[in-house]
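Position one of the sequence shown corresponds to residue 1 (UniProt numbering), numbered consecutively onward.
For each residue, glycine too, the CB sits at the ideal point set by N, CA and C.
Nothing here was measured: the structure is a model prediction, and the numbers come from that model.
Working notes for the structure below.
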Amino acid sequence: MRKLENLRHLDLSFNKEVACLISSMPSQIGRLTSIQTLSRFVVGKKKGCGIGELKDHIHLNGDLCISNLHNVCSQEEVIKANLQEKQCLDSLELQWGNQNLPINEDTDKEVLKHLQPHSNVKQLKVKGYRATKFPDWITSPSSSNIVIMKLSNCKKCQSLPPLGQLPLLKELLIEGMDGVVYVDKEFCGYGANKGFPSLEKICFKSMKSLRAWTGVREGELSSLRQLIIKDCFCLVELPRRLPALVELEIESSYHPNEPKTLLSLLHRFTSLNSLIIAAFPTNDLHFQLQDHPTIECIEIWDCEELISLPDNWLPVHLTSLAIKRCPKLMCLPEHMPALQAHVDAYLNAGISIYINGQPVHANLEAEFSIVSNGEPPTMEEYPVASFSCNPHLRDEE
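Laid out in structure tokens, this is it:
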């Protein structure tokens, strides 16, 4: 490959199954100095296969993923890669590999410290980093153009960096940070740009030790519209101030030994419009929504033990309800509010469905579809008037 001196594009963007089979870049790929697109660089252990081969690739642009960083042999090799001078890169992903290898925390710290990209980078992903703390450049002014950031499987990290100092950050994923127990005011940062001024979406996923996210001060997270929480079984506390939040998704984040659940905090979010509840291992959702002033859309997924929804449970302004893969659900609440838009229901065949205390009869199938296999037809075809609150269930023509 080193004879392909004029090669400009090398696309190594492949799926995970193929990626794990690639253990190293070809030897002396650094000689291919005309390369402009290099989607992935796999760090090898042999001479001529290290990260230093990126030194003269000054024309790289677009997206770059550097994987197998656990194979880096020396700090000098990382410095030689000179990422900070590659000013045409838009996206950078940094991956450590085998988490079962012996960890030298100082080595990982030095590696990430010297992998600081150019300030033009707009998307940054760090995966599998094995030290307890991130370097300062992650939240320094040199990173101020980052719009999307994903930190995943950095299992030794005990606290999150002050990412609120990134003025243009719009989307943030925090995943698999097993050492993080509390997220507090330091997360929002300090200084003129503190408080995530542009953040619109945040996702906490597979945070098995996280118990509380607190410390949000007035004026912070003022643009946050979407919050997703998945597989955070110990999390029982959320910020009291999320003034712009309109969409909340809570999935597999329920601990049977915890008397308090995230669902009991919904009254705090007075601008909330859409709520998704998924994979709760309980037969009753144990919270009331009828007094919530703004929720219009609710989706309930994969609650395999859910038997019923309490009477007077649904919010008064509800316009859309979707229920998917809840095989034990026997009935919907009595006194359901009149749905003004569309009602989607994805329920298994063979169960009894009640609306306003009355069973759905076969002659309603034209308006309401209960399916056993596949997806139901689009509900635009089915007028919601058939779910009005009169005792006859369907509108009089």
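Sequence-distant residues of the same chain with beta carbon closer than 6 Å to residue i, five excluded per side
{"i": "residue 366", "result": "Reliability fails at residue 366, whose pLDDT of 27 lies under 50, so the model's placement of it is uncertain and the value that follows must be treated cautiously. Excluding positions up to five away in sequence, the list is empty."}
{"i": "residue 76", "result": "none"}
{"i": "residue 220", "result": "188 and 195"}
{"i": "residue 105", "result": "131"}
{"i": "residue 201", "result": "171 and 226"}
{"i": "residue 134", "result": "161"}
{"i": "residue 27", "result": "48 and 49"}
{"i": "residue 361", "result": "Because residue 361 carries a pLDDT of 37, less than 50, the predicted location of this residue cannot be relied on, and no value is offered for it."}
{"i": "residue 151", "result": "126 and 174"}
C-alpha gap between residue i and residue j, whole angstroms
{"i": "residue 179", "j": "residue 147", "result": "25 Å"}
{"i": "residue 61", "j": "residue 37", "result": "6 Å"}
{"i": "residue 52", "j": "residue 35", "result": "15 Å"}
{"i": "residue 212", "j": "residue 239", "result": "9 Å"}
{"i": "residue 246", "j": "residue 254", "result": "22 Å"}
{"i": "residue 125", "j": "residue 330", "result": "44 Å"}
{"i": "residue 266", "j": "residue 95", "result": "36 Å"}
{"i": "residue 111", "j": "residue 229", "result": "31 Å"}
{"i": "residue 128", "j": "residue 153", "result": "5 Å"}
{"i": "residue 50", "j": "residue 274", "result": "48 Å"}
{"i": "residue 141", "j": "residue 87", "result": "16 Å"}
{"i": "residue 9", "j": "residue 63", "result": "12 Å"}
{"i": "residue 177", "j": "residue 208", "result": "8 Å"}
{"i": "residue 42", "j": "residue 7", "result": "18 Å"}
{"i": "residue 309", "j": "residue 316", "result": "15 Å"}
{"i": "residue 204", "j": "residue 68", "result": "25 Å"}
{"i": "residue 476", "j": "residue 218", "result": "What the structure shows of the chain is the stretch from 1 to 397, and residue 476 is not part of that stretch, so it cannot be assessed."}
Which residues DSSP lists as bridging residue i, in chain order
{"i": "residue 152", "result": "127 and 175"}
{"i": "residue 201", "result": "171 and 226"}
{"i": "residue 41", "result": "66"}
{"i": "residue 91", "result": "63 and 123"}
{"i": "residue 297", "result": "274 and 320"}
{"i": "residue 183", "result": "213"}
{"i": "residue 9", "result": "37"}
{"i": "residue 250", "result": "229 and 277"}
Beta-carbon proximity list for residue i, same chain, < 7 Å, skipping 5 on both sides
{"i": "residue 244", "result": "222, 223, 224, 225 and 271"}
{"i": "residue 313", "result": "288, 289, 290 and 333"}
{"i": "residue 12", "result": "39 and 40"}
{"i": "residue 56", "result": "30 and 33"}
{"i": "residue 182", "result": "211 and 212"}
Beta-carbon proximity check, residue i vs residue j, cutoff 8 Å
{"i": "residue 132", "j": "residue 158", "result": "yes"}
{"i": "residue 320", "j": "residue 303", "result": "no"}
{"i": "residue 231", "j": "residue 206", "result": "yes"}
{"i": "residue 82", "j": "residue 120", "result": "no"}
{"i": "residue 269", "j": "residue 235", "result": "no"}
{"i": "residue 262", "j": "residue 250", "result": "yes"}
{"i": "residue 59", "j": "residue 85", "result": "no"}
{"i": "residue 305", "j": "residue 328", "result": "yes"}
Own chain residues within Cβ distance below 8 Å of residue i, not counting five before or after
{"i": "residue 109", "result": "131, 133 and 135"}
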